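J.:
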Amino acid sequence: MAKIDTAPGWPSFPAGDKTNLRALLAGLKVSQWWPEAELRAAQQAQLTWLAEWAANKVPYYQREKWPARVAARLAQNPQQFWDIWREIPTLSKPALRTLGPRLYARSIPSAQMPIVPIRTSGSTGIAVELRTTALTRRLWEALTLREHLWSQRDFSKRLGVLRSRKGSRETDGKVQPNWGAPVAPLFPSGPSSAMRISRPVDEVAAWLKDFDPHYLLTYPTIVPWLMDHMAAAGDRPQSLREIRFISEPLDKDLETRLAREWQIRSTDIYSAREVGYIAFRCLEHGALHVQSESMLVEIINAEGLPCAPGESGRVVLTALHNLASPLLRYDIGDYATAGEPCPCGRGLPVISQILGRTRNAALSPDGRRYWPSSLNKIASSSPIKQAQYVQTAIDTIEIRAVLSRPLREQEQLDIVQATIKTLGHPYKVMVVPVSEISRGAGGKFEEFLSLLPELQN
Ligand SMILES: [Zn+2]
């Protein structure tokens, strides 16, 4: 058993002080240029080891019969590795919730202590607790830095953060002397300020005007309201040059609007609390590159085979280095399209598009699945302050709307028509006034939500 207590040499991940973070970052600077075949070979070694680790240390994988057999075959047949790998059943979100602590390793190497629990309350509201290690947290920091460096951000500028946050409300909007971890320990940096997303839009706009960040980190769904609010006052952020979006899919229309009205760049990050960073965009071509040193991303079709470039399928993830709660082939519930290699030269594979969560997909009355876009334009000049579009039956869309005053008959008709036009199908559409629409886990706002049983995950 001695063999499985030491991880293989790739990537070499020391966990410890800041010189190690620097070393890890330097290693990532090199491996991003490796050819894809070389990255896959390195992943193969790590995955072989991870499967063995899970089979030996994790109650769920120990109790099942297949993991030990699969782990042995992966080690013995490196030529057939990927065929054998795909025999591993995917692990769904509901399974994750059911298994809970049975996915925790009985122990981890002392160098990777301490274990810290992370809570991911899924969109259904049932919390799942997973675990991070010193190594996975250090890797998160290194990849955060990699993303900054890829985007060539100037750390001396002001950073604004607008998201759900814990801690005292008194600290909302306070100016901090630097960007905080993981930037500040390695690089001199300018001031930063964080604001709670649940604050009223006028307070958020005032903060944006006063602090005047060069860079902003936030969720896509808040931005159109903020733009409308500031435009109504004849205002706009003066220094802002880029918004980095997290948590929700970035709508192409919003990206275009930001470029046109505020002349700023948008970028988005694909990550999930359960597993960590999944993909970042390169500055050169805007391609979404898989973070292969940390994550195996499989995009698989209905037959379970890898999608060719241009083909769409389910996203299946394996975090390579989480020994505390290893998930083999986790089906996160997203759909994405596989991409061609990027001309920037990085070997890190490309996701050409993230289509979205299954529960945020719509079904057309003739049964085709699609992900609605441009919904935020529908009610932009009406008394609807906020809206959520909910598919309650195959032919029915309910618009849950927060209204500043009751809708006039013509306004109601216009919104119904605009919804049918935007969605492209003749649904029955009804507007249902509500007092508020709450953000879900992690501040996520679901603009389109399906209640159809076939789209739940
Ligand atoms: Zn690229």
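FYI, the numbering used here numbers position 156 of the sequence shown as 305, with every residue one higher than the one before it.
Heads up, the beta-carbon is just placed ideally off N, CA and C, and yes, glycines get one too.
Computed from a predicted structure; not experimentally measured.
Under 7 Å from any heavy atom of ligand 1, does the C-beta of residue 433 make it?
T.: Because some heavy atom of ligand 1 lies under 7 Å away, the Cβ of residue 433 counts as near it: yes.
J.: On a Cα-Cα basis, can you pick out the residue from 509, 359, 441 that is closest to residue 292?
T.: Closest option to residue 292, Cα to Cα, is 441.
J.: So residue 342 packs on residue 324, CB below 8 Å; how close in whole Å?
T.: That belief holds up - the Cβ atoms of residue 342 and residue 324 are roughly 5 Å apart, short of 8 Å.
J.: Suppose you measure from the CA of residue 245 to the CA of residue 207; what does that come to, to the nearest Å?
T.: Taking the straight line joining both Cα atoms gives about 14 Å.
J.: Below 8 Å on the Cβ atoms is my contact criterion, and I expect residue 97 with residue 216 to pass it. Report the Cβ-Cβ distance as a whole number of Å.
T.: Outside the modelled stretch of the chain, which goes from 150 to 606, sits residue 97, for which no answer is possible.
J.: How far does the alpha helix (DSSP H) with residue 211 in it extend, from its first residue to its last?
T.: Here the alpha helix (DSSP H) through residue 211 covers 208-212.
J.: If we ignore side chains and look at the alpha-carbon of each, how far apart do residue 345 and residue 317 end up?
T.: If I take the Cα positions, the gap works out to 10 Å.
J.: What does DSSP give as the partner residue(s) for residue 429 in the beta ladder?
T.: Answer is 438, bridged to residue 429.
J.: Consider the C-beta atom of residue 190 and the heavy atoms of ligand 1; say whether any pair is separated by less than 7 Å.
T.: The answer is no for residue 190.
J.: Are the Cβ atoms of residue 521 and residue 572 separated by less than 8 Å?
T.: The answer is yes: Cβ separation under 8 Å.
J.: For residue 454 versus residue 467, is the C-beta spacing smaller than 8 Å?
T.: No, these two residues do not count as a Cβ contact at 8 Å.
J.: Between the beta-carbon of residue 480 and the beta-carbon of residue 463, is there less than 8 Å?
T.: Yes, the pair counts as a contact, with Cβ atoms nearer than the cut-off.
J.: Would you give the residue range spanned by the alpha helix (DSSP H) that residue 577 belongs to?
T.: No alpha helix (DSSP H) holds residue 577; the beta strand (DSSP E) holding it covers 577-582.
J.: Should residue 577 be labelled buried (16 or more other beta-carbon atoms within 10 Å of its own) or exposed?
T.: Residue 577 comes out exposed.
J.: Give me the Cβ distance between residue 618 and residue 510, rounded to the nearest whole Å; I'm assuming they're in contact under 8 Å.
T.: With the chain covering only 150 through 606, there is no way to say anything about residue 618.
J.: If we ignore side chains and look at the alpha-carbon of each, how far apart do residue 153 and residue 280 end up?
T.: Its pLDDT being 41, under 50, residue 153 is placed unreliably in this model, and the coordinates cannot settle the point.
J.: Is there at least one non-hydrogen atom of ligand 1 closer than 7 Å to the beta-carbon of residue 456?
T.: Answer for residue 456: no, Cβ out of range of ligand 1.
J.: Skipping 5 residues on each side, what residues in its chain have a beta carbon closer than 7 Å to that of residue 219?
T.: Around residue 219: 200, 233, 236, 237.
J.: I want to check one thing, is the minimum distance from the CB of residue 251 to the heavy atoms of ligand 1 below 7 Å?
T.: No, the beta carbon of residue 251 sits no closer than 7 Å to any heavy atom of ligand 1.
J.: Which of helix, strand or coil does DSSP assign to residue 534?
T.: Reduced to three states, the DSSP call for residue 534 is strand.
J.: Taking the C-alpha atoms as reference points, what is the distance between residue 262 and residue 548?
T.: Whole-angstrom Cα-Cα distance: 48 Å.
J.: Would residue 403 and residue 417 be called neighbours here (beta carbons separated by less than 8 Å)?
T.: Contact: no.
J.: Whole angstroms is fine: what's the gap from residue 183's alpha carbon to residue 438's?
T.: Straight-line Cα distance between these residues: approximately 13 Å.
J.: Indicate whether residue 394 and residue 307 have their beta-carbon atoms separated by less than 8 Å.
T.: No, they are not a contact pair.
J.: Tell me the start and end of each unbroken beta strand (DSSP E) in the segment 497-523 that is at least 3 residues and wholly inside, in chain order.
T.: Taking only runs of at least 3 residues, the beta strand (DSSP E) segments lying wholly in the segment 497-523 are 499-506.
J.: Mind listing, in chain order, the continuous alpha helix (DSSP H) runs of no fewer than 4 residues lying wholly within the segment 291-356?
T.: Those alpha helix (DSSP H) runs which fall completely within the segment 291-356 and span 4+ residues do not exist here.
J.: DSSP on residue 153, reduced to helix/strand/coil?
T.: The predicted model places residue 153 with a pLDDT of 41, which falls under 50 and marks its position as unreliable, so this point remains unresolved.
J.: Are residue 597 and residue 524 touching if we call contact CB-CB under 8 Å?
T.: For residue 597 and residue 524, yes; Cβs fall inside 8 Å.
J.: May I have the straight-line CA-CA distance separating residue 607 from residue 392, to the nearest angstrom?
T.: Here the chain comprises residues numbered 150 to 606, so residue 607 is not present and cannot be evaluated.
J.: Which class does residue 400 belong to by DSSP, given the choice of helix, strand or coil?
T.: Of the three classes helix, strand and coil, the one that applies to residue 400 here is coil, per DSSP.
J.: Is the Cβ-Cβ distance between residue 471 and residue 197 less than 8 Å?
T.: Cβ distance not < 8 Å, so residue 471 and residue 197 don't count as in contact.
J.: Can you determine whether any heavy atom of ligand 1 sits closer than 7 Å to the C-beta of residue 495, and answer yes or no?
T.: Yes - ligand 1 has a heavy atom lying nearer than 7 Å to the Cβ of residue 495.
J.: With hydrogens ignored, establish whether the beta-carbon of residue 421 is closer than 7 Å to any heavy atom of ligand 1.
T.: Answer for residue 421: no, Cβ out of range of ligand 1.
J.: Quick one: measure Cβ to Cβ for residue 181 and residue 497, integer angstroms, because I've assumed they're closer than 8 Å.
T.: The pair is a contact, with the Cβ atoms about 6 Å apart (cut-off 8 Å).
J.: So what does DSSP say about residue 180, is it helix, strand or coil?
T.: It is helical.
J.: Under 7 Å Cβ to Cβ from residue 421, same chain only, skipping five residues before and after it: list those, please.
T.: Only 427, 481 meet the Cβ criterion.
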